[in-house]
Each structure stands twice: as C-alpha cells, then as structure tokens.
Amino acid sequence: MAQAVVRDIDKNDPGRGLDLRKLGMWTFLGSEVFFFGALVVTHLSMRGVVAPSSSKANYDVAAVRNLFGDNVLTSILAFILLTSSLTMVLALDGVKTNNQKRFRFWLGATIACGLVFLGGQVYEFYHIVHEGVTIKNMMFGSTFFFVTGFHGTHVAVGVVWLTSLLVSAIRHPERYNAGNYMAVELGGLYWHFVDLVWVLIFTVIYLI
Amino acid sequence: MAHGHDEHAPTEHEAHHSHAKLYVIIFFVLLVMTGIEIALPIINKAEIMAKQLEVALLLGLMTIKGAIVMMFYMHLKGDRRMFGTLFVFPIVCVLLMMLGFFALFQPELW
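As given, the protein sequences belong to chains G and C, one line each in that order.
The numbering of the first sequence is our numbering, which starts it at 304 and goes up by one.
The numbering of the second sequence is our numbering, which starts it at 5 and goes up by one.
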C-alpha cells in the first residue's frame, strides 16, 4: 500500500510539488550568472592592457572609454531594457488575469523594445569600430565586444523566444490563460535575466 | 506564489488579482535609481567625492536594482526558497569575485 502511494507520487509529481520546468530554468539562469560573471571579470582585469604589437599601442584606454561620452546612448538603451522588463511583467500579469488583449499587447511591446535595443547596440558597435577599436587590436576591445556581444546575443534569443510565444498566442488564443501560463513565465524569467545582466554591464563597464 | 500549471491553478474563470500598479511603481523606482547612477559620474567630474565612494555608491545602487528586479519582476519574493538559492548563490560568488578583481587590477578604485 505504502509502496503504491510512493509510486503514485513519483509518477504524478516527480518534483514533489516543484515545477521541474521552472526549476530547470532557474538552474540554467544560475549557470548563466557564472558565464557572464566570468566575462565581466575578464573585462575588468584586461581592459587596461594594450597588445604590444598593436598599431594602437599608444592608444590611451581612457580615451577609448571616452567614446561612450556621457553614456547618452547606453543610458537610452538601459531605459529601453528597463521598460521592456515592465512590459514583460505586465504581459504575464495580463495572461494571469485572463486578459488576452493586454497579454498580447505588452508581449508585442517587449519584443519591440528588444528590437530597438539591438538596433542601438549595432549602432554603438559600428561607431566604436569606426573609431578604431576592434575585437583584435586591444584587450579592451576584445573583452568589451565579448561581454556586450554575448549580452546582445541573449537579447536576440529572447526576442525570438517571445516572438514565438506571441505567434502561438495569436494562433491559439485558448492556449495561455490564468490556469496555464508557465511558458509565458519562463520566457519572462529569461527576459528579466537579460535585463539584470544589463544592469551589471551598464554599471561596471560603462559607468565605473 | 506563481505556479504555472497545476491542479490548484485557477481555471479560465478564476483569474489572478492584477498587480499592474505595483509593477509600474517599481518601474519608476528603478528609473529614479538608474537616473542617479547616470548622474553620479557626471556630477563627480568636479571631484566632489572620492572615486572610491563613487564606485561604492554605483555598486550599491546596482545591487539594490538587481535585488528589486529579482524580487518583484522575477517573483522570487514569495516563490520557493530553492529557486532563490539557485540564483542568488552564483550572484554572490560573482559579486565577490568582481570586488576581488577590482582590488587586484584597479587598486585606484579600491
């Protein structure tokens, strides 16, 4: 009898009350923290190093950092990503309250914010490369492009993920509702994580 | 607590209570903190405070902003403690590592 009960628990609730998809997502995000932490710490230790063979050997790293000016562009990007976090949580709130119209509207707004952010980052990269800082000619460039490039890639993945959610929500309006919103919640967790990483990058790389 | 899909989850007719107002208030709090972050290095060009203090303030603001996003937007506040542990432990490790690297490679900021 007891064995049968245990077997039933294992079969019906292998996570003992835990949602395994959510557990998996948090574990994944935890590993991502180490990934971005390693990249940012590498940037901190290497940004003052100039390759001896580089034609930019005498390039003053402080001058390179001045390319950011008073961080006008990156401040706008920070504002956009922060706004996208709000729109994402409002989309989740929409689906949890069974308001499909609000859910789709805010999800679309989040995707739009992500696309604008990516456009801004491409513009920033173009500007910096145009000024002579590339991924090859100095450690500042290498580590800078690695950190911000990987973050941009994560934003792009997030945009694709949320777009697939939106398309699915439009094609099957009954799919997401107050009783079934885990897919939206997982997408939201990923998106907020991307915003969190930008909070770190913005402070450590651009402001300090 | 937010469970996506279980037998106790509300049906289509049992919608959750909306927290939209709280999320908007939190957004404005984050916005103000970001504004302070952006303004700090600009104001301190006149060297009204030590660089170390500026860095400490920026790192403090960054940590508080991150904690607010995690607690309210990622719903760690009120969710299972295990999720928080899985996510916050690596963050603490990274922050400590970052402080160590600041001390080692940028002693002028220390």
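Ideal Cβ positions, reconstructed from N, Cα and C, are used throughout, including at glycine.
Just so it is clear, the structure is predicted and the values come from calculations on it, not from any experiment.
Cutoff 6 Å; reference residue i; Cβ partners in own chain excluding five residues on either side
{"i": "Met391 (chain G)", "result": "Thr413, Gly491, Trp494"}
{"i": "Val88 (chain C)", "result": "Reading the sequence as shown, one finds Gly at residue 88 (chain C) and not Val. Cβ within range, chain order: Leu80."}
{"i": "Leu376 (chain G)", "result": "Glu427"}
Residue i to residue j span [Cα, whole Å]
{"i": "Asn483 (chain G)", "j": "Thr330 (chain G)", "result": "22 Å"}
{"i": "Ala481 (chain G)", "j": "Leu63 (chain C)", "result": "38 Å"}
{"i": "Phe408 (chain G)", "j": "Met442 (chain G)", "result": "42 Å"}
{"i": "Phe406 (chain G)", "j": "Ile379 (chain G)", "result": "25 Å"}
{"i": "Val487 (chain G)", "j": "Met75 (chain C)", "result": "18 Å"}
{"i": "Val344 (chain G)", "j": "Asn374 (chain G)", "result": "21 Å"}
{"i": "Asn401 (chain G)", "j": "Glu434 (chain G)", "result": "50 Å"}
{"i": "Val502 (chain G)", "j": "Gly70 (chain C)", "result": "7 Å"}
{"i": "Gly411 (chain G)", "j": "Leu469 (chain G)", "result": "7 Å"}
{"i": "His430 (chain G)", "j": "Tyr509 (chain G)", "result": "15 Å"}
{"i": "Leu34 (chain C)", "j": "Cys416 (chain G)", "result": "17 Å"}
{"i": "Ser22 (chain C)", "j": "Leu65 (chain C)", "result": "28 Å"}
{"i": "Gly444 (chain G)", "j": "Phe496 (chain G)", "result": "25 Å"}
{"i": "Ser388 (chain G)", "j": "Tyr77 (chain C)", "result": "7 Å"}
{"i": "Val341 (chain G)", "j": "Val500 (chain G)", "result": "Reading the sequence as shown, one finds Ala at residue 341 (chain G) and not Val. If you take the alpha carbons of Ala341 (chain G) and Val500 (chain G), they lie about 12 Å apart."}
{"i": "Asp83 (chain C)", "j": "Leu321 (chain G)", "result": "11 Å"}
{"i": "Phe382 (chain G)", "j": "Leu418 (chain G)", "result": "14 Å"}
{"i": "Ile511 (chain G)", "j": "Asn440 (chain G)", "result": "22 Å"}
{"i": "Thr67 (chain C)", "j": "Ile46 (chain C)", "result": "20 Å"}
{"i": "Leu591 (chain G)", "j": "Met86 (chain C)", "result": "Residue 591 (chain G) is absent from the model: chain G starts at 304 and stops at 511."}
{"i": "His457 (chain G)", "j": "Met485 (chain G)", "result": "20 Å"}
C-beta atoms of residue i and residue j nearer than 9 Å
{"i": "Thr437 (chain G)", "j": "Phe448 (chain G)", "result": "yes"}
{"i": "Val36 (chain C)", "j": "Asp498 (chain G)", "result": "no"}
{"i": "Leu90 (chain C)", "j": "Gly333 (chain G)", "result": "yes"}
{"i": "Ala459 (chain G)", "j": "Leu421 (chain G)", "result": "yes"}
{"i": "Val336 (chain G)", "j": "Ile95 (chain C)", "result": "yes"}
{"i": "Leu347 (chain G)", "j": "Phe106 (chain C)", "result": "yes"}
{"i": "Leu100 (chain C)", "j": "Val92 (chain C)", "result": "no"}
{"i": "Phe339 (chain G)", "j": "His475 (chain G)", "result": "no"}
{"i": "Phe505 (chain G)", "j": "Glu58 (chain C)", "result": "no"}
{"i": "Phe109 (chain C)", "j": "Leu385 (chain G)", "result": "no"}
{"i": "Thr446 (chain G)", "j": "Arg350 (chain G)", "result": "yes"}
Spatial neighbours of residue i in its chain, beta-carbon cut-off 7 Å, leaving aside the 5 residues before and after
{"i": "Leu61 (chain C)", "result": "Leu44"}
{"i": "Ala19 (chain C)", "result": "none"}
{"i": "Asn361 (chain G)", "result": "Because the pLDDT of Asn361 (chain G) is 43, which lies under 50, any placement of that residue in the model is unreliable, and the number read from its coordinates should be weighed accordingly. Cβ neighbours of Asn361 (chain G) beyond the five flanking positions: none."}
{"i": "Pro111 (chain C)", "result": "none"}
{"i": "Gly478 (chain G)", "result": "Rather than Gly, the amino acid found at residue 478 (chain G) in this sequence is Arg. Only Ser471, Ala472 meet the Cβ criterion."}
8 Å CB neighbourhood of residue i in its chain, flanking five on each side removed
{"i": "Leu489 (chain G)", "result": "Arg324, Lys325, Met328"}
{"i": "Lys404 (chain G)", "result": "Gly397"}
{"i": "Thr38 (chain C)", "result": "Lys69"}
{"i": "Cys97 (chain C)", "result": "none"}
Quick one: any contact between the segment 461 to 481 of chain G and the segment 422 to 429 of chain G, if contact means 3 or more CB pairs under 8 Å?
Verdict: no, contact absent.
Using Cβ-Cβ distances below 7 Å, what residues of the segment 430 to 460 of chain G are close to chain C?
Going along the segment 430 to 460 of chain G in chain order, one finds no residue with a Cβ nearer than 7 Å to chain C.
Check distances from the C-beta atoms of the segment 379 to 394 of chain G to those of chain C and list, in chain order, the residues that come in under 8 Å.
Going along the segment 379 to 394 of chain G in chain order, one finds Ala381, Phe382, Leu385, Thr386, Ser388, Leu389, Met391, Val392, Leu393 with a Cβ nearer than 8 Å to chain C.
Any contact between the segment 37 to 57 of chain C and the segment 21 to 28 of chain C? By contact I mean 3 or more CB pairs, one from each, below 8 Å.
The segment 37 to 57 of chain C is not in contact with the segment 21 to 28 of chain C.
Output needed in chain order: residues of the segment 31 to 46 of chain C with a Cβ under 8 Å from some Cβ in chain G.
Here the close residues are Phe31, Leu34, Leu35, Thr38, Glu41, Ile42, Leu44, Pro45, Ile46.
Positions along the segment 51 to 63 of chain C whose CB lies within less than 9 Å of some CB in chain G
Within the segment 51 to 63 of chain C, the residues whose Cβ lies closer than 9 Å to some Cβ of chain G are Glu58, Val59, Leu62, Leu63, listed in chain order.
Listed in chain order, which residues of the segment 63 to 74 of chain C have Cβ atoms closer than 8 Å to some Cβ of chain G?
Those would be Leu63, Leu65, Met66, Lys69, Gly70, Val73, Met74, in chain order.
Could you list the residues in the segment 460 to 493 of chain G with a C-beta less than 7 Å from some C-beta on chain C, going in chain order?
Within the segment 460 to 493 of chain G, the qualifying residues are Asn480, Ala481, Gly482, Asn483, Tyr484, Met485, Glu488, Leu492.
According to a CB-to-CB cut-off of less than 8 Å, which residues of the segment 94 to 106 of chain C neighbour chain G?
Shown in chain order are the members of the segment 94 to 106 of chain C whose Cβ falls below 8 Å from a Cβ of chain G: Pro94, Ile95, Cys97, Val98, Met101, Met102, Phe105, Phe106.
Which residues, in order along the segment 80 to 92 of chain C, keep a beta-carbon less than 8 Å from a beta-carbon of chain G?
Within the segment 80 to 92 of chain C, contact with chain G at the beta-carbon level (separation under 8 Å) is assigned to Arg84, Met86, Phe87, Leu90, Phe91.
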